[in-house]
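Right, one structure below, let's go through it.
Protein chains: 2
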Amino acid sequence: MDEIRSRLRSDDLLAKITDPEDVVRKIIPKRGSIAFAGMAGTSYPKVIPRALAEYADKLGEKFDLIVYSAGTCGVDHEESLARIGIRRRYPFGASAEVTRRLVNMRSYHVTDMWLYEYSSWLRRGVFLRKLGGIDVAVIEVTGFHGDGAVLGLSVDATPALVDAAEKVVLELSIAKPYLYGLHDIYATRPGDVIGIRDVLDRVGDSVLKIPRSKLAAIVISDLEDQRGHYTAGGGLDVKVVENLIDFLSKEVSNDPNLKSEYFTLQPAAGPIASLLADKIIELDVDLRIWGEVASVRWIRHLGDKVRGLSSAVIFTLPGDEKLREYLYENINEIRRYAVLRPYEIMNNPQIISRFIHVVVQQAIEVDIYGHANISHIGGRIYGGVGGSGDHAKPSYLTIIALPSITSRGLPRIVPVTPHVDIVEHDVDVIVTDQGWTDLRGLSPIERAKAIIDRCAHPNYKDLLWKYFDEVIAKREGHQPVDLIKAYEFFQNFSKERS
Amino acid sequence: MDEIRSRLRSDDLLAKITDPEDVVRKIIPKRGSIAFAGMAGTSYPKVIPRALAEYADKLGEKFDLIVYSAGTCGVDHEESLARIGIRRRYPFGASAEVTRRLVNMRSYHVTDMWLYEYSSWLRRGVFLRKLGGIDVAVIEVTGFHGDGAVLGLSVDATPALVDAAEKVVLELSIAKPYLYGLHDIYATRPGDVIGIRDVLDRVGDSVLKIPRSKLAAIVISDLEDQRGHYTAGGGLDVKVVENLIDFLSKEVSNDPNLKSEYFTLQPAAGPIASLLADKIIELDVDLRIWGEVASVRWIRHLGDKVRGLSSAVIFTLPGDEKLREYLYENINEIRRYAVLRPYEIMNNPQIISRFIHVVVQQAIEVDIYGHANISHIGGRIYGGVGGSGDHAKPSYLTIIALPSITSRGLPRIVPVTPHVDIVEHDVDVIVTDQGWTDLRGLSPIERAKAIIDRCAHPNYKDLLWKYFDEVIAKREGHQPVDLIKAYEFFQNFSKERS
Chain G
0 MDEIRSRLRS DDLLAKITDP EDVVRKIIPK RGSIAFAGMA GTSYPKVIPR ALAEYADKLG
60 EKFDLIVYSA GTCGVDHEES LARIGIRRRY PFGASAEVTR RLVNMRSYHV TDMWLYEYSS
120 WLRRGVFLRK LGGIDVAVIE VTGFHGDGAV LGLSVDATPA LVDAAEKVVL ELSIAKPYLY
180 GLHDIYATRP GDVIGIRDVL DRVGDSVLKI PRSKLAAIVI SDLEDQRGHY TAGGGLDVKV
240 VENLIDFLSK EVSNDPNLKS EYFTLQPAAG PIASLLADKI IELDVDLRIW GEVASVRWIR
300 HLGDKVRGLS SAVIFTLPGD EKLREYLYEN INEIRRYAVL RPYEIMNNPQ IISRFIHVVV
360 QQAIEVDIYG HANISHIGGR IYGGVGGSGD HAKPSYLTII ALPSITSRGL PRIVPVTPHV
420 DIVEHDVDVI VTDQGWTDLR GLSPIERAKA IIDRCAHPNY KDLLWKYFDE VIAKREGHQP
480 VDLIKAYEFF QNFSKERS
Chain Z
0 MDEIRSRLRS DDLLAKITDP EDVVRKIIPK RGSIAFAGMA GTSYPKVIPR ALAEYADKLG
60 EKFDLIVYSA GTCGVDHEES LARIGIRRRY PFGASAEVTR RLVNMRSYHV TDMWLYEYSS
120 WLRRGVFLRK LGGIDVAVIE VTGFHGDGAV LGLSVDATPA LVDAAEKVVL ELSIAKPYLY
180 GLHDIYATRP GDVIGIRDVL DRVGDSVLKI PRSKLAAIVI SDLEDQRGHY TAGGGLDVKV
240 VENLIDFLSK EVSNDPNLKS EYFTLQPAAG PIASLLADKI IELDVDLRIW GEVASVRWIR
300 HLGDKVRGLS SAVIFTLPGD EKLREYLYEN INEIRRYAVL RPYEIMNNPQ IISRFIHVVV
360 QQAIEVDIYG HANISHIGGR IYGGVGGSGD HAKPSYLTII ALPSITSRGL PRIVPVTPHV
420 DIVEHDVDVI VTDQGWTDLR GLSPIERAKA IIDRCAHPNY KDLLWKYFDE VIAKREGHQP
480 VDLIKAYEFF QNFSKERS
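The listed protein sequences correspond, in order, to chains G and Z.
Residues 0 to 497 in numbering that gives the first Met the number 0 are what the first sequence lists, from first letter to last.
Residues 0 to 497 in numbering that gives the first Met the number 0 are what the second sequence lists, from first letter to last.
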């Protein structure tokens, strides 16, 4: 109790402590809308979702909820949500097979969205006018400082969700330490001129102000984040990252922009991002990280190779828990070089376009002209688009990094991708385990040749050249496409794909 | 000669006047690179391209040029370029059938690009490092003021092209009046915080500084811009605009953001834009235009319904010449409400994302999930993407407005578009002659239903519902796609399409 008292620091906050089941019974509507903060398996609500699921099971009756998520939460979170009764959900950020299955069965409606637009819609009342207000927002905090809440390791859409909600329920994490000083909380407004010119410039508050009239309850959480969406990289990922470093090394020596103080890196999520954090020291350049999410591995280089890090989340992959412990124990040192901010800053085109921003983005597949599919396998959604386009569009350089084949040996370089999330005009470089190709300034035909030649897996090169010869080489048109022959390409391994 | 003297205002500039053929013989390399300013058929070079073509014809030998264009020029310009010998061209901005034919025959390499990125690549040396420098930039000016050139009615990428070029050739237009005072010329740099909060805020110079060491020649041009890419709207376009006004009226009364001083409209190019400029007075709201291009028709409402207009170009459709005359004769009045700036400002996500920016964008076709194809008919390029994505991505609201069928009666709402330029995540509303649908917050299945139901042409609804029933309703998957059945859809009218 001393620990809790030291985190909350006031009697009226202590008086808000509520049993999770009481929160579920008294505060969360049977039919209504609920928001959950948390991203990249980090600082997502763990107590209330479980209590909701248990209550629904006990009642033998489901809720009827619109769920606003902030991003990809833990598997435990998703498994609880699968049991409660969802009508509609924004955006898609599933870490769990159960959620993918429900969404692909169309058990409820899901709209995937860019995370910058998601925050903007919350701020500008778009959801409010379309669907009504958010009844309750549930967020993890690590304590209070003055009249403001101190967040955990993810800021994501939390401030926008809290501002849009009528009531707020806090999960006070005592599994995490009190993380005061890491955050820079800012609410965007139309007409804003946001003067951030360095990744460490701060423009907001170190705490999240929550009006006491909204603060409905505090529940105590001794649960640490569980394994999330991302996994450590496998064999091909290592080759991808080697090729990525090879490309970046050449670029750093040729392009003076990358020597500038405005050079920033969005290292993306996923295994490649984590491996990149290990290999990046090979580059002969100082780095500044400006990322939607960032692996805790980056903190090893803070103040040294990495001059500063700004992110909406610092996430921890299995095996990296010791680095998170190091972070927890050295907040005062690390906050000099790292800052956590909401998507509305991290994914804000106003700021990104100001930097020499280099984006590394993973994809499910790319087509031979350079369109990238981030989200779907065939018609089935696999991962959300997150803020990929928020960074890829206003960036200086967008690199799509992916293995040339899936773990089951299927091709990721394809004639036509049935789902496009990032268009060819925004893709500058493609890197696979086979090599890299710089597409800037190439015509569509040149791009197709370069991608097949440098990036495709040897097992599929013949099929891709066959498509190229039949559809492109022999026909007119600036950018020929043949849906039938693209389909036939997939038919060669349709059993494995389906 | 008095007119020319009054425009150039100095003897050393008068001494630069050169015969066009001499420019072609002495300044433009046989093998090298050349840039032409001009956009939306406005203030594009007219004398030098013709002289180049005549010289190539006379010589019986083609040049071997990389051509950097700033956008869509006049048909005369394109017809000259078709005769000179091009190796490579950036971006695609064809107004003329001859250019489309050459590009679709792949007579030379073309890379279509977003116009903001195009300017950035010029500024940051990307083209320089990939392809070498630009030997000569040719631009239209209307005179000099102090040491700076006064541009015409298009600023487009002119400042970036001039800064990137080793030599500059001016076409001094005496067909246009001296247009001093309309322009705000600004060169973006990394780290820039550009403080524009109102469409009329000026941050740059009223003239374009050109180092005298670069200024190779001035040729005199008495040619006015010829008919460009865009045409006045036909029957279906009128219905599209009526439906667009219907949607906007409802939105203006429901969404307080559109009553704010930060509400800006990008009216897009093309027939719908011009018709919109006529109908917009029906909206119960003050407007500010922030457009890549803007029709001269908007000037009728300046200071009244339209509080201000900022654009990279003011273009004139056939029939609107009297409005251009009015503009020419009332520069001092109009400059109080209108400003012309380069793409690097007009298409800058830093500024666009600050506004409540509503984008009206035409498209060749949209698919039933909302992806928009701006550029291609099948594999053949028809129009460039321009800055469509520059505005659609950071906008508050992106409206795709298009007739539900082509002039030949073929469908523009299709199951799958073989070319995606603007992804579903960036498309908020679709408007056709049949109606409009607001897609915000809808799941893919809901979007497909809404688009077919509200926007498709009656002649194609059965075929689209058939696709929906067979591919979507009966299958699992968040967003099912069937390339074969999409192909079969097109097969129903393949003869007309090909």
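All C-beta atoms, glycine included, are put in the ideal place defined by N, C-alpha and C.
In this text, all values refer to a predicted model and were calculated from it rather than measured experimentally.
### Message
Could you give the first and the last residue of the continuous alpha helix (DSSP H) run that contains serine 252 of chain G?
### Response
For the purposes of this step, residue 252 of chain G is taken as residue 253 along the first sequence, with counting starting at 1. 234-253 is the extent of the alpha helix (DSSP H) around serine 252 of chain G.
### Task
Quick one: grab the DSSP three-state call for asparagine 346 of chain Z.
Your numbering for residue 346 of chain Z matches position 347 in the second sequence. Looking at asparagine 346 of chain Z - three-state DSSP - the assignment turns out to be coil, as it is neither helix nor strand.
### Task
Answer with buried or exposed for leucine 286 of chain Z, where buried requires no fewer than 16 other C-beta atoms within 10 angstroms of its C-beta.
Along the second sequence, one-based indexing puts residue 286 of chain Z at 287. The residue is buried, with at least 16 neighbouring Cβ atoms inside 10 Å.
#### Entry: chain Z within 7 Å of asparagine 256 of chain G, Cβ atoms only
The sequence position of residue 256 of chain G within the first sequence is 257, counting from 1. Yes, its Cβ sits closer than 7 Å to a Cβ of chain Z.
### Query
Looking at the C-beta of tryptophan 435 of chain G, does it have a partner C-beta in chain Z at a distance below 7 Å?
Against the first sequence, residue 435 of chain G aligns to sequence position 436. No, because no Cβ of chain Z sits closer than 7 Å to the Cβ of tryptophan 435 of chain G.
### Task
With DSSP as the reference, label isoleucine 217 of chain Z as helix, strand or coil.
As a first step, residue 217 of chain Z must be located in the second sequence, where it is residue number 218. In the structure shown, isoleucine 217 of chain Z sits in a strand (DSSP, three-state: E or B).
### Query
Smallest Cα separation from leucine 235 of chain Z: which of Z/Val430, Z/Asp63, Z/Gly84?
Locating residue 235 of chain Z in the second sequence gives position 236, counting from the first residue. Minimum Cα distance to leucine 235 of chain Z is reached at Z/Val430.
### Query
Nearest-angstrom Cα distance between tryptophan 289 of chain Z and threonine 263 of chain Z?
As a position in the second sequence, residue 289 of chain Z is number 290, starting the count at 1. As a position in the second sequence, residue 263 of chain Z is number 264, starting the count at 1. Whole-angstrom Cα-Cα distance: 6 Å.
### Task
Give the residues of chain B in contact with proline 393 of chain G, contact being defined as C-beta atoms less than 7 Å apart.
Among the protein chains of the structure shown, namely G and Z, there is no chain B.
#### Entry: tryptophan 113 of chain Z in three-state terms, based on DSSP
Within the second sequence, numbered from 1, the residue matching residue 113 of chain Z stands at position 114. Looking at tryptophan 113 of chain Z - three-state DSSP - the assignment turns out to be coil, as it is neither helix nor strand.
### Query
Are the beta-carbon atoms belonging to isoleucine 184 of chain Z and aspartate 197 of chain Z less than 7 Å from one another?
Locating residue 184 of chain Z in the second sequence gives position 185, counting from the first residue. Locating residue 197 of chain Z in the second sequence gives position 198, counting from the first residue. No, the pair does not count as a contact, with Cβ atoms beyond the cut-off.
### Task
Measure the CB-CB distance between asparagine 372 of chain G and histidine 477 of chain Z and report whether it falls below 7 Å.
Taking the first sequence and counting its residues from 1, the one referred to as residue 372 of chain G is at position 373. Taking the second sequence and counting its residues from 1, the one referred to as residue 477 of chain Z is at position 478. Not closer than 7 Å, so no.
### Message
Any beta carbon of chain Z sitting closer than 7 Å to that of threonine 263 of chain G?
### Response
Mapped onto the first sequence, residue 263 of chain G falls at position 264. For threonine 263 of chain G, the answer is no, since every Cβ of chain Z falls outside 7 Å of its Cβ.
#### Entry: Contiguous alpha helix (DSSP H) assignments of at least 4 residues, all confined to the region 413-490 of chain G
443-454, 457-466, 482-490
### Task
Determine the DSSP secondary structure at serine 119 of chain G, reduced to helix, strand or coil.
One-based indexing of the first sequence puts residue 119 of chain G at position 120. Helix at serine 119 of chain G.
### Supposed contact pair serine 220 of chain G and valine 74 of chain G - C-beta distance, whole angstroms, cut 8 Å
Translated into positions along the first sequence, residue 74 of chain G becomes position 75. Translated into positions along the first sequence, residue 220 of chain G becomes position 221. Not a contact, Cβ separation roughly 17 Å.
### Task
Assuming methionine 38 of chain Z and threonine 71 of chain Z form a contact by the criterion Cβ under 8 Å, report the distance between their Cβ atoms to the nearest whole angstrom.
The sequence position of residue 38 of chain Z within the second sequence is 39, counting from 1. The sequence position of residue 71 of chain Z within the second sequence is 72, counting from 1. Confirmed, Cβ separation roughly 6 Å.
#### Entry: N- and C-terminal bounds of the beta strand (DSSP E) containing alanine 276 of chain Z
For this step, residue 276 of chain Z is matched to residue 277 along the second sequence. It is not in any beta strand (DSSP E) - alanine 276 of chain Z instead sits in the alpha helix (DSSP H) that spans 270-278.
### Message
Report the start-end ranges of each alpha helix (DSSP H) in the region 29-95 of chain G that is 4 residues or longer and not cut off at the edges.
### Response
46-58, 74-80
### Message
For a cutoff of 7 Å on Cβ pairs, would you count threonine 110 of chain Z as touching chain G?
### Response
If you number the second sequence from 1, residue 110 of chain Z lands on position 111. Yes, its Cβ sits closer than 7 Å to a Cβ of chain G.
### Query
Who are aspartate 366 of chain G's beta bridge partners in DSSP?
Here residue 366 of chain G corresponds to residue number 367 of the first sequence, with the count starting at 1. BP columns for aspartate 366 of chain G point to G/Val413.
### Query
Rounded to a whole number of angstroms, what is the C-alpha to C-alpha distance between valine 422 of chain Z and glycine 180 of chain Z?
Residue 422 of chain Z sits at position 423 when you count from the first residue of the second sequence. Residue 180 of chain Z sits at position 181 when you count from the first residue of the second sequence. Cα to Cα, the separation comes out at about 39 Å.
### Message
Restricting to Cα atoms, I'd like to know which of G/Ala276, G/Lys321, G/Glu291 is closest to leucine 301 of chain G.
### Response
Translated into the one-based positions of the first sequence, residue 301 of chain G becomes position 302. Of the listed residues, the one whose Cα sits closest to leucine 301 of chain G is G/Ala276.
### Query
Is there a Cβ from chain G that is less than 7 Å from the Cβ of serine 38 of chain Z?
On the second sequence, position 39 is the one that residue 38 of chain Z refers to. According to the sequence displayed, residue 38 of chain Z carries methionine and not serine. No, its Cβ sits nowhere closer than 7 Å to a Cβ of chain G.
### Query
From which residue to which residue does the alpha helix (DSSP H) around glycine 290 of chain Z run?
Residue mapping note: residue 290 of chain Z aligns to position 291 of the second sequence, counting from 1. From DSSP, glycine 290 of chain Z is part of no alpha helix (DSSP H) but of the beta strand (DSSP E) over 286-290.
### Whole-angstrom C-beta distance between valine 168 of chain G and tyrosine 216 of chain G, which should lie under 8 Å
Start at 1 with the first residue of the first sequence, and residue 216 of chain G comes out as number 217. Start at 1 with the first residue of the first sequence, and residue 168 of chain G comes out as number 169. Strictly speaking, residue 216 of chain G in this sequence is alanine, with tyrosine absent from that position. Yes, alanine 216 of chain G and valine 168 of chain G are in contact; Cβ-Cβ is about 5 Å, under 8 Å.
### Task
Would you tell me roughly how many angstroms separate the C-alpha atoms of tryptophan 297 of chain Z and alanine 337 of chain Z, rounded to the nearest one?
Translated into positions along the second sequence, residue 297 of chain Z becomes position 298. Translated into positions along the second sequence, residue 337 of chain Z becomes position 338. C-alpha separation (whole angstroms): 10 Å.
### Task
List the DSSP bridge partners of valine 397 of chain Z.
The residue given as residue 397 of chain Z occupies position 398 in the second sequence. Residue 397 of chain Z is actually threonine in this sequence, not valine. The partner list for threonine 397 of chain Z (beta bridge, DSSP) reads Z/Val358.
### Message
Spatial neighbours of threonine 397 of chain G within its chain, please: C-beta separation below 7 Å, excluding the five flanking residues on both sides.
### Response
Against the first sequence, residue 397 of chain G aligns to sequence position 398. Here the set comprises Val358, Gln360, Ala391, Asp425, Val426, Asp427.
### Query
What residues match up with serine 309 of chain G in a beta bridge as DSSP calls it?
Here the question's residue 309 of chain G lines up with position 310 in the first sequence. According to DSSP, serine 309 of chain G bridges with G/Trp289, G/Val338.
### Query
Is the region 441-454 of chain Z touching the region 440-457 of chain G, taking contact as three or more C-beta pairs under 8 Å?
no
### Query
Would a C-beta distance cut-off of 7 Å place isoleucine 193 of chain Z and glutamate 2 of chain Z closer than the cut-off?
Mapped onto the second sequence, residue 193 of chain Z falls at position 194. Mapped onto the second sequence, residue 2 of chain Z falls at position 3. Not a contact, by the Cβ cut-off of 7 Å.
### Query
For lysine 166 of chain G, which of G/Lys25, G/Gly151, G/Phe143, G/Glu364 has the nearest alpha-carbon?
On the first sequence, residue 166 of chain G is found 167 positions in, with the first residue counted as 1. Minimum Cα distance to lysine 166 of chain G is reached at G/Lys25.
### Task
Determine which residues of the region 279-294 of chain Z have a Cβ less than 8 Å from any Cβ of chain G, and write them out in chain order.
none
### Query
arginine 379 of chain G bridges to which residues according to DSSP?
By 1-based counting over the first sequence, the position of residue 379 of chain G is 380. Looking at the DSSP assignment, arginine 379 of chain G forms a beta bridge with G/Ile376.
### Message
Can you pull the chain G neighbours of arginine 196 of chain Z, defined as C-beta to C-beta under 9 Å?
### Response
Taking the second sequence and counting its residues from 1, the one referred to as residue 196 of chain Z is at position 197. Simply Gly190, Asp191, Val192.
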